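Comments concern the structure below.
Protein chains in written order, with the working numbering: chain A, 31 to 395; chain B, 4 to 155.
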């Protein structure tokens, strides 16, 4: 190769590298601008399925979703949300909504949602949640629907509250109980067990000082269990900023994660001592309002839906549920996915919702 | 619950197997798993739990002492404390919520329109035949953990 040719090739290479670098930085700048635009945009609209407020008392909210079909199953369904988060994860967006899915399939759907508890509600306990709030909702649903029975679907801690309610209300009106990612063996919660070890963790000091466990503490507790999740999510977003579906879904989930709720102090104290430390839900020794909440007393059909890669309610913590309940009609569904994607991600639409619908449909007439 | 954005919205991948985007996604996934595994190892130790809780206890003790001192000063100046302002704020919020609730119901009441809750669909729906045809999903007592298990 002549000297002139070598020099020309080098020039071409330099041009190529420069062009690539320019394209890279131009793309990066474009993505940065788009991300900034998203960060300053109005929050993603969520919970759009039309609904009516049936009950509103303190932290308690009971919603009734307007039917989408002319004929529904006889037995209404109550979704019980975890106390740490808003229930709009069940209704993120049209087409990505478990509630919309159930309505389209002919269910009469209610949701028990939570507003942030105020300092005046710092004394709320398991008794309030399981002997007042859920029964009040059940009664309101009976009145509104004219039906004597209802099914309950509890998610995470909502599932725990539903189990306690079911064990302490054996005479009804509960007809079916579905628990989604619901831990029952609280000694199998991994990092939570280490951090909440009674040797180091002074729950009394925490509750007596703060009254209400602030949002920041609840969020931190979740984020510390998957410290890379937020950064990885952001990296995924940057790589898929051109995909409007992904961006919409990401922002809806992000909003849900950010709108975590504070917790009533007494409820935190009781949950820590009775469930986390003494594992009373698992041992059958839990007493609420003087009533035994032994899960063996539950005789209604039970469905347990668990996620294979759930880091908050690991398999070991959810697995004993079917062994502990006294029901003859019981079934477990183990699905791929994580704690949240199980109920609201793409996997939920393809896998979880249809299985839940099928189980519930034959038991709702 | 955690940050749902990381758990829920990550299911979408490029259709092309050798796509750079897919490789990038895999790389993020690997990094995330590796980092979380390492962090779990570090944070799952007795030493970390002890240090974290000692830090929290010290913070709470300081917060309590400071709060008491500030409250004493405010009481001496005959000024409301943070707690009393918060209580007032919460009372106002409750009143506002009730007003919003009543306001939302006003158009229905004044227009004499029927309560949207009244016209109910008939409660006669039956499950599709294929649902009742399969015993495992149709309510026959199975009691079988893992009956609906899906392969990884």
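A virtual CB, placed ideally from N, CA and C, is assigned to each residue, including glycine.
What you are looking at is a predicted structure, and each value in this text was computed from that prediction instead of being measured.
Starting from the beta carbon of residue i, find every residue of chain A whose beta carbon is closer than 7 Å, and list them in chain order.
| i | result |
| --- | --- |
| residue 43/B | 221 |
| residue 80/B | In chain order: nothing, as chain A lies at least about 22 Å away. |
| residue 84/B | Residues of chain A passing the Cβ test: none, with the nearest at roughly 12 Å. |
| residue 93/B | 148, 149, 150 |
| residue 63/B | 235, 236, 239 |
Mapping DSSP to helix, strand and coil, what is residue i?
| i | result |
| --- | --- |
| residue 162/A | helix |
| residue 99/A | coil |
| residue 273/A | coil |
| residue 106/B | helix |
| residue 370/A | coil |
| residue 23/B | helix |
| residue 56/A | helix |
| residue 84/A | strand |
| residue 132/B | helix |
| residue 192/A | helix |
| residue 317/A | strand |
| residue 337/A | strand |
| residue 54/B | helix |
| residue 394/A | coil |
| residue 279/A | helix |
| residue 343/A | coil |
| residue 41/B | helix |
| residue 351/A | helix |
| residue 141/B | Residue placement at residue 141/B cannot be trusted, given a pLDDT of 39 that sits under 50; what the coordinates show is reported in the next sentence. Three-state DSSP puts residue 141/B in coil, outside helix and strand. |
Interface residues of chain B around residue i at Cβ under 8 Å?
| i | result |
| --- | --- |
| residue 269/A | 24, 27, 28, 31 |
| residue 100/A | 124, 125 |
| residue 395/A | 128, 129, 130 |
Report the partner residues of residue i according to the DSSP bridge assignment.
| i | result |
| --- | --- |
| residue 144/A | 90/A |
| residue 139/A | 107/A |
| residue 184/A | 110/A, 209/A |
| residue 332/A | 207/A, 360/A |
| residue 126/A | 123/A |
| residue 117/A | Paired residue(s): none; residue 117/A is not in a bridge. |
Using the beta-carbon of each residue, which ones in chain B are nearer than 7 Å to residue i?
| i | result |
| --- | --- |
| residue 302/A | Residues of chain B passing the Cβ test: none, with the nearest at roughly 12 Å. |
| residue 136/A | 128 |
| residue 265/A | 31 |
| residue 227/A | 52 |
| residue 297/A | Going along chain B, no residue has its Cβ under 7 Å from residue 297/A, so there is no contact; the nearest lies around 16 Å. |
| residue 97/A | 124 |
Among the options, whose alpha-carbon lies nearest the alpha-carbon of residue i?
| i | options | result |
| --- | --- | --- |
| residue 320/A | 156/A, 384/A, 68/A, 338/A | 156/A |
| residue 353/A | 141/A, 381/A, 324/A | 324/A |
| residue 154/A | 48/A, 243/A, 98/A | 243/A |
| residue 124/A | 90/A, 76/A, 138/A, 342/A | 76/A |
| residue 34/B | 204/A, 265/A, 392/A, 290/A | 265/A |
| residue 115/A | 107/A, 96/A, 141/A | 141/A |
| residue 214/A | 195/A, 283/A, 231/A, 305/A | 305/A |
| residue 106/B | 83/A, 361/A, 311/A | 83/A |
| residue 125/B | 106/A, 146/A, 118/A, 253/A | 106/A |
| residue 159/A | 73/A, 193/A, 348/A | 193/A |
| residue 179/A | 190/A, 64/A, 167/A | 167/A |
| residue 129/B | 143/A, 137/A, 148/A | 137/A |
| residue 250/A | 37/B, 41/B, 59/B | 59/B |
| residue 382/A | 333/A, 69/A, 274/A, 315/A | 333/A |
| residue 97/A | 122/A, 147/A, 386/A, 79/A | 79/A |
| residue 358/A | 385/A, 329/A, 389/A | 329/A |
| residue 312/A | 342/A, 351/A, 285/A | 351/A |
| residue 257/A | 54/B, 39/B, 70/B, 32/B | 39/B |
| residue 279/A | 163/A, 118/A, 231/A | 118/A |
| residue 390/A | 380/A, 201/A, 360/A | 360/A |
| residue 70/A | 392/A, 281/A, 377/A | 281/A |
| residue 349/A | 285/A, 217/A, 395/A, 259/A | 217/A |
| residue 86/A | 202/A, 270/A, 144/A | 144/A |
| residue 342/A | 252/A, 199/A, 65/A | 252/A |
| residue 396/A | 67/A, 181/A, 229/A, 286/A | Residue numbering for chain A in the displayed model covers 31 to 395; residue 396/A lies beyond these limits and cannot be assessed. |
Run through chain A and tell me which residues come within less than 8 Å of residue i, C-beta to C-beta.
| i | result |
| --- | --- |
| residue 90/B | 149, 150 |
Who are the neighbours of residue i on chain B, taking C-beta pairs under 9 Å?
| i | result |
| --- | --- |
| residue 139/A | Within 9 Å Cβ-Cβ: nothing; residue 139/A doesn't reach chain B, min ~12 Å. |
Going by the C-beta, is residue i closer than 6 Å to any heavy atom of the ligand ADP?
| i | result |
| --- | --- |
| residue 227/A | In the structure on display, the ligand ADP does not appear, and there are no ligands present to speak of. |
Below 9 Å on C-beta distance, what does residue i contact in chain A?
| i | result |
| --- | --- |
| residue 68/B | The contacting residues do not exist; residue 68/B stays about 10 Å from chain A at best. |
Name, please, each residue of chain C whose Cβ falls closer than 9 Å to the Cβ of residue i.
| i | result |
| --- | --- |
| residue 86/A | Reference to chain C is not applicable here, since the protein chains of this structure are A and B. |
If contact is defined by three or more beta carbon pairs under 8 Å, each pair taking one atom from either stretch, is the segment 232-241 of chain A in contact with the segment 61-70 of chain B? yes
Is it the case that the segment 362-377 of chain A contacts the segment 208-219 of chain A, given that we only count it when at least three CB pairs across the two stretches are under 8 Å? yes
Say whether the segment 132-142 of chain A touches the segment 101-112 of chain A, bearing in mind that this needs 3 or more beta-carbon pairs closer than 8 Å, one atom from each stretch. yes
Pair every Cβ in the segment 179-195 of chain A with every Cβ in the segment 109-116 of chain A, then say whether three or more of these pairs are closer than 8 Å. yes
Are the segment 213-221 of chain A and the segment 30-47 of chain B touching by the rule of at least three beta carbon pairs closer than 8 Å? yes
Counting pairs of beta carbons, one from the segment 355-365 of chain A and one from the segment 335-342 of chain A, are three or more of them closer than 8 Å? yes
Validate contact between the segment 145-154 of chain A and the segment 282-297 of chain A using beta carbons, cut 8 Å, 3 pairs: The answer is yes - the segment 282-297 of chain A touches the segment 145-154 of chain A, with three or more Cβ pairs under 8 Å.
Between the segment 241-259 of chain A and the segment 282-292 of chain A, are three or more C-beta pairs nearer than 8 Å? yes
Answer yes if the segment 162-172 of chain A comes into contact with the segment 88-95 of chain A, meaning at least three C-beta pairs across the two stretches below 8 Å, and no otherwise. yes
Are the segment 23-34 of chain B and the segment 266-280 of chain A in contact at 8 Å, needing three or more beta carbon pairs? As far as the Cβ criterion goes, the segment 23-34 of chain B touches the segment 266-280 of chain A, which means the pair count is three or higher.
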